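Just so we're aligned, residue 820 is where the sequence shown starts under my numbering, counting upward by one.
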Amino acid sequence: MQTQEHTRQQAFYRPKSACAYLDIGRTKLYELMEYDANFPRPVRLGARCIGWTRSQLDQWLEAKVEEAAR
Numbered sequence: 820m821q822t823q824e825h826t827r828q829q830a831f832y833r834p835k836s837a838c839a840y841l842d843i844g845r846t847k848l849y850e851l852m853e854y855d856a857n858f859p860r861p862v863r864l865g866a867r868c869i870g871w872t873r874s875q876l877d878q879w880l881e882a883k884v885e886e887a888a889r
């Protein structure tokens, strides 16, 4: 079970999965990519394939929480 948990944490989140993880729509995801300088840049996996690691998304979320606490 521990191996599966480690694998999930290292998994790539393609746009659809990233939207579900962040609980946002696809349009909002692309707005963040375009206009939010702090949103992590996607990793290009192929000519038409991008994604983010969970740690990239988590770091961005943590920064948003800290920003809101100020």
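Heads up, the beta-carbon is just placed ideally off N, CA and C, and yes, glycines get one too.
In this text, all values refer to a predicted model and were calculated from it rather than measured experimentally.
Out of the options, which one is the CA nearest neighbour of residue i?
i	options	result
Thr-872	Glu-881, Val-862 and Tyr-854	Val-862
When the Cα atoms are used, what is the spatial distance from residue i to residue j?
i	j	result
Asp-855	Ala-837	16 Å
Phe-831	Asp-842	16 Å
Glu-840	Gln-875	The displayed chain sequence assigns Tyr, not Glu, to residue 840. Going from the Cα of Tyr-840 to the Cα of Gln-875 covers about 12 Å.
Val-884	Gly-865	32 Å
Met-852	Arg-867	16 Å
Leaving aside the five residues before and after residue i along the sequence, list all residues of the same chain whose C-beta is less than 6 Å from its C-beta, in chain order.
i	result
Glu-886	none
Lys-847	none
Sorted by chain position, which residues of the same chain lie with C-beta nearer than 8 Å to residue i's C-beta, five sequence neighbours on each side aside?
i	result
Asn-857	Trp-879 and Ala-882
Ile-869	Arg-833, Pro-834, Pro-861, Val-862 and Arg-863
Could you give the C-beta distance for residue i and residue j, rounded to a whole number, given that I count them as a contact under 8 Å?
i	j	result
Arg-845	Pro-834	6 Å
Using C-beta distances below 7 Å, list every residue in its chain close to residue i, excluding the 5 sequence neighbours before and after it, in chain order.
i	result
Thr-826	No answer about Thr-826 holds up, because its pLDDT of 49 lies below 50 and its placement is not dependable.
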